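S.K.: In the numbering used here, the protein residues as written are 4 to 357.
Positions of the beta carbon are idealized from the N, C-alpha and C atoms, including for glycine.
Since this is a predicted model, take the numbers as computed values, not measurements.
For reference, the structure I am asking about is given below.
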Amino acid sequence: MSKFWSGVVHKLTPYVPGEQPKLNNLVKLNTNENPYGPSPQVIAALKLEAADTLRLYPDPNSDALKAAIAHEYHLNTNQVFVGNGSDEVLAHVFQALLKHDKPLLFPDITYSFYPVYCGLYGIKYQTIPLADDFSINIADYNQPNGGIIFPNPNAPTGMPLALAKIETLLQNNTQSVVVIDEAYVDFGTESAVGLINQYPNLLVTHTLSKARSLAGLRVGYALGSPDLIEALIRVKDSFNSYPIDRFASAGAVAAMQDVAYFEKTCRQVIATRNVLIKDLANLGFEVLPSGANFIFAKHKMHDGAELTAKLREHNIIVRHFKSPNRISPYLRITIGTDSQSKTLISALSEILGA
Ligand SMILES: Cc1ncc(COP(=O)(O)O)c(C=O)c1O
Numbered sequence: 004m005s006k007f008w009s010g011v012v013h014k015l016t017p018y019v020p021g022e023q024p025k026l027n028n029l030v031k032l033n034t035n036e037n038p039y040g041p042s043p044q045v046i047a048a049l050k051l052e053a054a055d056t057l058r059l060y061p062d063p064n065s066d067a068l069k070a071a072i073a074h075e076y077h078l079n080t081n082q083v084f085v086g087n088g089s090d091e092v093l094a095h096v097f098q099a100l101l102k103h104d105k106p107l108l109f110p111d112i113t114y115s116f117y118p119v120y121c122g123l124y125g126i127k128y129q130t131i132p133l134a135d136d137f138s139i140n141i142a143d144y145n146q147p148n149g150g151i152i153f154p155n156p157n158a159p160t161g162m163p164l165a166l167a168k169i170e171t172l173l174q175n176n177t178q179s180v181v182v183i184d185e186a187y188v189d190f191g192t193e194s195a196v197g198l199i200n201q202y203p204n205l206l207v208t209h210t211l212s213k214a215r216s217l218a219g220l221r222v223g224y225a226l227g228s229p230d231l232i233e234a235l236i237r238v239k240d241s242f243n244s245y246p247i248d249r250f251a252s253a254g255a256v257a258a259m260q261d262v263a264y265f266e267k268t269c270r271q272v273i274a275t276r277n278v279l280i281k282d283l284a285n286l287g288f289e290v291l292p293s294g295a296n297f298i299f300a301k302h303k304m305h306d307g308a309e310l311t312a313k314l315r316e317h318n319i320i321v322r323h324f325k326s327p328n329r330i331s332p333y334l335r336i337t338i339g340t341d342s343q344s345k346t347l348i349s350a351l352s353e354i355l356g357a
């Protein structure tokens with residue numbers, strides 16, 4: 004606390020990111036990164052970018068990147084907004100589109116950055132409890148609101164919501180913006196991008212951090228009607244003219260263009276996930292259905308905090324959330340390589356056998 008701080012700073016409860024340990028010998032399954040490196044074409048593009056041109060500012064409008072993204076989704080470039088990671092995109096979304104007199108609605112168990120943005124921008128919100136099976140019940144969102152946001156698949160549960168349900172939600176809710184945060188959608192969840200031309204209040208956010216293996220480059224984007232995108236551009240141009248640097252642009256364009264590599268690595272992650280779910284079930288875990296590159300699992304007899312600590316002794320890190328109580332029995336485990344899964348399963352067999 005300091006007398007020099009602005010009033011809002013005193014009241015902030017910042018987001019706490021998952022641990023990024025400095026040790027090398029860990030099996031790191033805690034922050035949903037991709038176990039495979041980015042496409043070789045991305046590395047080649049980044050090398051080319053290490054040149055004299057770095058003395059020049061990048062394109063403030065990121066036209067090349069917007070064109071690559073628009074091409075991939077058969078949209079126009081005025082339906083694409085890009086930013087420094089989808090966290091930055093989401094921050095602008097909250098400020099530009101979700102701050103109204105009526106409360107913003109999101110699930111009680113969801114991406115924990117949402118209430119943080121509400122605190123930062125002074126946005127009223129109301130959380131809607133997930134059903135007992137952790138699913139999102141869209142009928143619960145039929146109430147006056149200043150916007151609706153949730154991830155699909157949800158985080159940290161990994162559970163996908165069927166596209167038909169999202170379309171019903173959009174039909175029931177035409178007077179405020181509906182944001183579907185599709186950070187993990189490419190790992191087997193149906194995307195709502197195909198509904199964008201039909202619903203002018205639908206905004207979909209994506210990241211290159213997960214399925215395109217570029218968490219270190221910090222690129223995310225939003226797709227929606229030109230009207231919604233213009234609001235985001237107005238906020239961005241009142242904040243930072245150059246959020247996408249020359250490396251981020253070059254790497255992200257190459258990543259969007261190498262569709263074959265992206266599809267291959269997504270398939271590998273999904274295959275590893277399917278085997279891991281079976282192996283965990285054999286060890287007495289209950290695993291929620293996952294459409295993500297992580298799973299949410301609890302053991303019938305052992306507490307989530309206890310298992311997380313014991314795995315750490317085996318140099319394996321997974322994520323555990325102490326609250327709310329409903330999720331404290333669970334471990335959130337990122338899908339790694341097949342070999343990391345084997346290491347995890349043998350450590351758990353040892354821990355549970357002991
Ligand atoms: C649901 C969800 N949305 C958005 C993000 C932000 O990703 P990034 O800022 O790396 O694009 C994350 C990161 O973990 C996430 O879990």
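Alpha carbon to alpha carbon, how far is P327 from G86? Give it in angstroms, no decimals.
M.R.: Position 83 of the sequence shown, counting from 1, holds the residue named residue 86. Position 324 of the sequence shown, counting from 1, holds the residue named residue 327. Approximately 31 Å, taken between the alpha carbons.
S.K.: I354 lies in the alpha helix (DSSP H); which residues open and close that run?
M.R.: Along the sequence shown, read from residue 1 onward, the residue named residue 354 stands at position 351. Where I354 is concerned, the enclosing alpha helix (DSSP H) stretches over D341 to G356.
S.K.: Let me make sure I understand the geometry here. Which of Y124, L226, I280 and S115 has the alpha-carbon closest to that of T130?
M.R.: The count along the sequence shown starts at 1 and reaches residue 130 at position 127. The shortest C-alpha separation from T130 is found at S115.
S.K.: Mapping the DSSP letters down to three states, classify L32 as helix, strand or coil.
M.R.: Indexing the sequence shown from 1 puts residue 32 at position 29. If DSSP states are grouped into helix, strand and coil, L32 belongs with the strands.
S.K.: Would A214 pass as a contact of F265 if the rule is Cβ separation under 8 Å?
M.R.: By 1-based counting over the sequence shown, the position of residue 214 is 211. By 1-based counting over the sequence shown, the position of residue 265 is 262. Their beta carbons are under 8 Å apart, which means A214 touches F265 by this criterion.
S.K.: Go ahead and pull the three-state DSSP assignment for Q129.
M.R.: Within the sequence shown, residue 129 is the residue found at index 126, counting from 1. Strand.
S.K.: On the three-state DSSP scale, how would you describe T210?
M.R.: Here residue 210 is taken as the residue at index 207 of the sequence shown, counted from 1. Strand.
S.K.: For A258, verify whether its CB is less than 7 Å away from any heavy atom of ligand 1.
M.R.: Numbered from its first residue, the sequence shown carries residue 258 at position 255. Outside the cutoff, so no.
S.K.: With burial defined as no fewer than 16 other Cβ atoms inside 10 Å of the residue's Cβ, what is the status of N35: buried or exposed?
M.R.: Sequence index remark: in the sequence shown, residue 35 carries index 32 (1-based). The residue in question, N35, is buried, as its Cβ has 16 or more Cβ neighbours within 10 Å.
S.K.: For I199, which of L57, D230, H103 and S138 has the nearest alpha-carbon?
M.R.: Taking the first residue of the sequence shown as 1, we reach residue 199 at position 196. Comparing Cα-Cα distances from I199 to each of L57, D230, H103 and S138, the minimum goes to D230.
S.K.: What's the gap between the Cα of V222 and the Cα of S212?
M.R.: Within the sequence shown, the letter at position 219 stands for residue 222. Within the sequence shown, the letter at position 209 stands for residue 212. If I take the Cα positions, the gap works out to 7 Å.
S.K.: Counting C-beta neighbours from all protein chains within 10 Å, is the total for A134 16 or more, i.e. buried, or is it exposed?
M.R.: Position 131 of the sequence shown holds residue 134. Exposed, by the Cβ-count rule.
S.K.: For M302, write down the residues that DSSP places opposite it in a beta bridge.
M.R.: By 1-based counting over the sequence shown, the position of residue 302 is 299. At residue 302 the sequence reads His, which differs from the Met that was named. Partner(s): F288.
S.K.: Thinking C-beta only, is L49 closer than 8 Å to A253?
M.R.: For the purposes of this step, residue 253 is taken as the residue at position 250 of the sequence shown. For the purposes of this step, residue 49 is taken as the residue at position 46 of the sequence shown. Yes, Cβ-Cβ distance for A253 and L49 is below 8 Å.
S.K.: For E91, count neighbouring Cβ atoms within 10 angstroms of its own Cβ and tell me buried if that reaches 16, exposed if not.
M.R.: Indexing the sequence shown from 1 puts residue 91 at position 88. E91 should be labelled buried.
S.K.: Per DSSP, which one or two residues make a beta bridge with V361?
M.R.: Given that the chain is displayed from residue 4 to residue 357, the structure contains no residue 361 and the question cannot be resolved.
S.K.: For R237, count the other beta carbons within 10 Å of its own beta carbon; 16 or more makes it buried, fewer makes it exposed. Which is it?
M.R.: Walking along the sequence shown from the start, residue 237 turns up at place 234. By the 10 Å Cβ count, R237 comes out exposed.
S.K.: When you compare only the Cα positions, how much space is there between L226 and I232?
M.R.: Working through the sequence shown from its first residue, we reach residue 226 at position 223. Working through the sequence shown from its first residue, we reach residue 232 at position 229. Their Cα atoms are separated by approximately 8 Å.
S.K.: Have a look at C269 and K6 and give me their C-alpha separation to the nearest angstrom.
M.R.: Here residue 269 refers to the residue found at position 266 of the sequence shown. Here residue 6 refers to the residue found at position 3 of the sequence shown. When rounded, the distance between both Cα atoms is 50 Å.
S.K.: Could you check whether the Cβ of G223 sits closer than 7 Å to any heavy atom belonging to ligand 1?
M.R.: As a working mapping, residue 223 is identified with position 220 in the sequence shown. Checking every heavy atom of ligand 1 against the Cβ of G223, one is found closer than 7 Å.
S.K.: So, with DSSP's three-state summary, where would you put Y18?
M.R.: By one-based count along the sequence shown, residue 18 stands at place 15. Y18 falls in the coil class under three-state DSSP.
S.K.: Express the C-alpha separation of S216 and G40 in angstroms, rounding to a whole number.
M.R.: Position 37 of the sequence shown holds residue 40. Position 213 of the sequence shown holds residue 216. Rounded to the nearest angstrom, the two C-alpha atoms are 6 Å apart.
S.K.: How do the region 133–153 and the region 106–122 stand: do at least 3 beta-carbon pairs fall below 8 Å, yes or no?
M.R.: Yes, the region 133–153 touches the region 106–122.
S.K.: In angstroms with no decimal places, state the Cα-to-Cα distance between P118 and K102.
M.R.: As a working mapping, residue 118 is identified with position 115 in the sequence shown. As a working mapping, residue 102 is identified with position 99 in the sequence shown. Rounded to whole angstroms, P118 to K102 spans 12 Å at the Cα level.
S.K.: Using 8 Å as the Cβ pair cut-off and three pairs as the minimum, do the region 159–167 and the region 190–209 touch?
M.R.: The region 159–167, when compared against the region 190–209, does touch it at the 8 Å Cβ threshold.
S.K.: Is any heavy atom in ligand 1 found nearer than 7 Å to the beta carbon of N35?
M.R.: Numbered from 1 along the sequence shown, position 32 holds the residue referred to as residue 35. Yes, since a heavy atom of ligand 1 falls inside the 7 Å radius drawn around the Cβ of N35.
S.K.: Assuming Y120 and L93 form a contact by the criterion Cβ under 8 Å, report the distance between their Cβ atoms to the nearest whole angstrom.
M.R.: Residue mapping note: residue 120 aligns to position 117 of the sequence shown, counting from 1. Residue mapping note: residue 93 aligns to position 90 of the sequence shown, counting from 1. Rounded, the Cβ-Cβ distance is 7 Å, consistent with contact.
S.K.: Kindly indicate which residue of T346, E353 and F299 has the alpha-carbon position closest to the one of F137.
M.R.: Taking the first residue of the sequence shown as position 1, residue 137 is located at position 134. If we check each option's Cα against that of F137, F299 comes out closest.
S.K.: So for P43, helix, strand or coil by DSSP?
M.R.: Stepping through the sequence shown from its first residue, residue 43 is reached at position 40. Three-state result, P43: helix.
S.K.: Does the pairing of the region 337–354 with the region 275–295 give three or more beta-carbon distances under 8 Å?
M.R.: The region 337–354, when compared against the region 275–295, does touch it at the 8 Å Cβ threshold.
S.K.: Please confirm whether any heavy atom of ligand 1 lies closer than 7 Å to the CB of P154.
M.R.: To locate residue 154, count along the sequence shown from 1; it is residue 151. P154 Cβ: within cutoff of ligand 1.
S.K.: Check whether the Cβ of L133 lies closer than 7 Å to any heavy atom of ligand 1, and answer yes or no.
M.R.: Numbered from 1 along the sequence shown, position 130 holds the residue referred to as residue 133. It does not: the Cβ of L133 is nowhere closer than 7 Å to a heavy atom of ligand 1.
S.K.: For the beta strand (DSSP E) that D184 lies in, which residues bound it at each end?
M.R.: For the purposes of this step, residue 184 is taken as the residue at position 181 of the sequence shown. V181 to D184 is the extent of the beta strand (DSSP E) around D184.
S.K.: Enumerate, from N- to C-terminal direction, the unbroken beta strand (DSSP E) stretches of 3 or more residues contained entirely within the region 99–173.
M.R.: Taking only runs of at least 3 residues, the beta strand (DSSP E) segments lying wholly in the region 99–173 are 107–110, 128–131 and 150–154.
S.K.: Would you check whether ligand 1 has a heavy atom nearer than 7 Å to the C-beta of L93?
M.R.: If you number the sequence shown from 1, residue 93 lands on position 90. Yes; taking the cut-off as 7 Å, the Cβ of L93 has a heavy atom of ligand 1 nearer than that.
S.K.: If we ignore side chains and look at the alpha-carbon of each, how far apart do P156 and I139 end up?
M.R.: As a position in the sequence shown, residue 156 is number 153, starting the count at 1. As a position in the sequence shown, residue 139 is number 136, starting the count at 1. Rounded to whole angstroms, P156 to I139 spans 10 Å at the Cα level.
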